[in-house]
Structures are given as C-alpha cells and as structure tokens.
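Notes to accompany the following structure.
Residue numbers (the UniProt record's numbering): 1 to 396.
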C-alpha cells in the first residue's frame, strides 16, 4: 500500500507501552515487508500473536501442473467447472494456471471460509459476481461485483459471502502493488495514473472476537511438494481477531474496476495502458468500457502480436469482447495465449471494428514472464478447439 492509515486505539509513540482499559499490556506486532526495509504496519493485540496450541497438515486442493505442450492457445470455460453447495472461497478454489511466480484459480462459493493466511505472497481476488465481506485482522472489507480485494501476504482473514460469489483468485509468490511508473518516489499515485488514493477502500476498524481454540489454515512454502507449496493448520489458544488498533502503510484494500479511468488514444493503445497492478514476473491489467481510437483510418481492435516474453491470460467478465467474436468466447471464459505464438483478433473482427468508436467490454488480463502450466481445473475447462479458431476448418 502507498499511504498511511491509523485505525482504532494506538499509543502516541511506537514501541512503547500500550494498555487496554483494564490496564493489561497490549502486544505490539510489526507486520512488514522485505526485512524491515519496505512498507509495514504496527498492530496492537490483546493476546500474544505468536501463540500456537497445536498443528497438523492441511491437505491442499489439487496443485499439480502440466506443461502447455504441445504449445497451443487455449480457451478455458469457467462455466464448465462444478462447485457444490457449501463450497468456500479458500478451500474450494480450483487451480487453472500457474508457474513459479503466480497461480490463478477460480471458485464459486456460498459458504464462509475458514480463517486463512497465505504465507507465500499477496493475493488479488477479483469478484466476478456476488457480494460479501472479507474479515481480516485489520478490520473488514465489504466487497461486491467488479471489486479487486488485495490481501497482503500473511494477513489472517476469512471470506464471508452474502450469497453465491464468483471469485477469480490471483495468488502471487511476491507482493502485488500499483505499477511503479504510476507512483512518485515517495509512493503517491501520480496525475497520469488511471486511479488514485480516493478510489481505494481500506478496512473498517478492527473488532475483538472472544473465542478460544481457533483454527487458521496457512499456505506456505515446502520443498519437495508439488509447486513447493504446502498447508498447515494452526490451532490458536485465542481468536486472531484481537487487534484494538493499528497504523502504517501495509493493509488489505479494495478497488472497483469501474473506478479505473481508461487511457485512450488516436490509434490503438498497447496493453500496458490498461495495467492496474503488478507482481514479480507478472502484471494485472483490465479492459473496461471505453471510447476507442479516433484516427480516421484507425482499426480499433488489437493488431496481431507475438508475446515474445510473456504468456497472456484474459478473463472475460462482461460485455461484448469485439476482438474475440466468432471464437466461442463468452462471459466466464478465459483464454491463454502463450509466448512464442502470434495472436490477435478472430477472422472478420479486424474488418468489423473499422468505424467503431466505443467498446463495451470488461476483462481482467494477467501477463506472466515465465510460461504458464495447466492446473487440474484448466485441463478440465479447456474446450480443445480454440487453437483452430483462426483457421478455415479449424486446427489439424
């Protein structure tokens, strides 16, 4: 996060005594990044935050990955994936795509998740539909359709839907931040950024939950397991939501895609103008309803391009995605265009776009700078024919 917040009860000076109304000494926790050298927050707990009463293994959902080999562009339909009643947004996630830097999952959830902490990296949850609350140790974040919810690494939280929700989960092996080119050297979003601090929603004041012997699911690094990822369940002697106040520049936040101000131009603009966040070796972009190119000879859909250094994943959320007409792409579709393969508009879309002055589309794109492999859900959701959609008669 890039700006300071103070919420609840905190002492005048950091690292000094802070006592509750009953005179009991509160326990200060520094939650910080990059070994005390980057953003951090100080949280004040009623109980010792390190206390663990018991532990056991958490058997994670299927994490296996299979190379995209032979190399093919792919169309994954999230609507082909099944999710039963009682699915939650943490344990019910199904892995679509992944590599050493990022994992992309999908879930349709209607149940409250267990308390959960990702000890590997930040999470960016895009809410396709539905609403609810992400309850965190910092406080609560109310979410709805079109929201990104960015949860910093090691933040204890749970996801409480108010009905069925569809969530596209982007889990980094790093931190997820606004693009550096949109930030001043002191971290303020600059005038040419497509959103600003006013658009970002921080958590409400924290609340103390009185409960004992509480389980928290932790995802963490383990050598020798698939993807180097393992799970542990810690039983805590007290509820982790025992924070009376905190301050700092590290905390979960929400941002709605409708508040992204698109950058347009006289001719077609390249994908970086659509970027909203970045992590190590990947970026997150969004394509929103917007006016398009106004040169008299412009071709508004993208030109054909080869992703020389990256794989491109597009999640189609809503609207009428002009460049993909005729390919079977619909709401809830995901395309993978791998590095080394030139791609672009479907046949006929190039010509049809001439004279169009507005695109009514909403999509979330992830570009990765290492190849993506297919997870179990990606393999199940692959339609098997998308690679032939540019060729008469299909692929052979």
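Cβ coordinates follow ideal geometry from the N, Cα and C atoms, glycine included.
Residue range of the beta strand (DSSP E) that includes residue i
i, result
"residue 123", "123–129"
"residue 106", "102–109"
"residue 5", "5–8"
"residue 42", "40–45"
"residue 363", "361–368"
"residue 76", "74–77"
"residue 314", "311–319"
"residue 54", "54–57"
"residue 286", "282–287"
"residue 333", "333–337"
"residue 279", "275–279"
"residue 261", "Element bounds for residue 261: n/a, residue is neither H nor E."
"residue 65", "That residue, residue 65, is in no beta strand (DSSP E); it is neither H nor E in DSSP."
"residue 94", "94–98"
"residue 32", "27–32"
Inter-residue spacing [alpha-carbon to alpha-carbon] between residue i and residue j
i, j, result
"residue 310", "residue 379", "20 Å"
"residue 188", "residue 180", "10 Å"
"residue 168", "residue 126", "5 Å"
"residue 296", "residue 271", "22 Å"
"residue 13", "residue 250", "18 Å"
"residue 112", "residue 51", "24 Å"
"residue 199", "residue 256", "8 Å"
"residue 221", "residue 115", "18 Å"
"residue 331", "residue 6", "40 Å"
"residue 377", "residue 216", "25 Å"
"residue 135", "residue 165", "15 Å"
"residue 176", "residue 341", "27 Å"
"residue 396", "residue 383", "At residue 396 the pLDDT is 46, less than 50, meaning the model places this residue with poor confidence; the figure from the coordinates comes in the next sentence. Straight-line Cα distance between these residues: approximately 15 Å."
"residue 10", "residue 262", "39 Å"
"residue 183", "residue 38", "15 Å"
"residue 159", "residue 69", "36 Å"
"residue 86", "residue 31", "33 Å"
"residue 79", "residue 387", "19 Å"
"residue 33", "residue 210", "29 Å"
"residue 128", "residue 90", "16 Å"
"residue 226", "residue 196", "39 Å"
"residue 355", "residue 299", "8 Å"
"residue 267", "residue 350", "14 Å"
"residue 372", "residue 190", "32 Å"
"residue 133", "residue 48", "26 Å"
"residue 397", "residue 192", "Limits of the chain in this structure are 1 at one end and 396 at the other, which puts residue 397 out of reach."
"residue 313", "residue 84", "26 Å"
Beta carbon of residue i nearer than 7 Å to that of residue j
i, j, result
"residue 53", "residue 237", "yes"
"residue 73", "residue 358", "no"
"residue 280", "residue 174", "yes"
"residue 324", "residue 346", "yes"
"residue 97", "residue 106", "no"
"residue 391", "residue 327", "no"
"residue 319", "residue 361", "yes"
"residue 122", "residue 282", "no"
"residue 284", "residue 276", "yes"
"residue 348", "residue 206", "no"
"residue 66", "residue 374", "yes"
"residue 213", "residue 235", "yes"
"residue 363", "residue 76", "no"
"residue 258", "residue 163", "no"
"residue 41", "residue 246", "yes"
"residue 27", "residue 15", "no"
Residue i - containing alpha helix (DSSP H), residue span
i, result
"residue 352", "349–352"
"residue 381", "376–381"
Closest residue to residue i among the options (Cα-Cα distance)
i, options, result
"residue 155", "141, 147, 164", "141"
"residue 366", "287, 328, 355, 382", "287"
"residue 4", "202, 101, 44", "202"
"residue 120", "9, 80, 153, 47", "153"
"residue 63", "38, 99, 69", "99"
"residue 92", "122, 104, 61", "61"
"residue 138", "248, 58, 351, 350", "248"
"residue 253", "228, 197, 102, 149", "149"
"residue 264", "229, 374, 194, 304", "194"
"residue 43", "243, 225, 338", "243"
"residue 305", "333, 339, 334, 314", "339"
"residue 157", "86, 375, 219", "219"
"residue 368", "103, 78, 329, 124", "103"
"residue 161", "147, 143, 65", "143"
"residue 290", "321, 308, 307, 303", "321"
"residue 353", "208, 333, 301", "301"
"residue 108", "117, 82, 118", "82"
- Item | Inside the UniProt domain "Homogentisate 1,2-dioxygenase N-terminal" (114–256) only - beta strand (DSSP E) runs reaching at least 3 residues | 115–118, 123–129, 132–136, 139–143, 147–151, 157–161, 165–172, 214–221, 229–236, 243–248, 253–256
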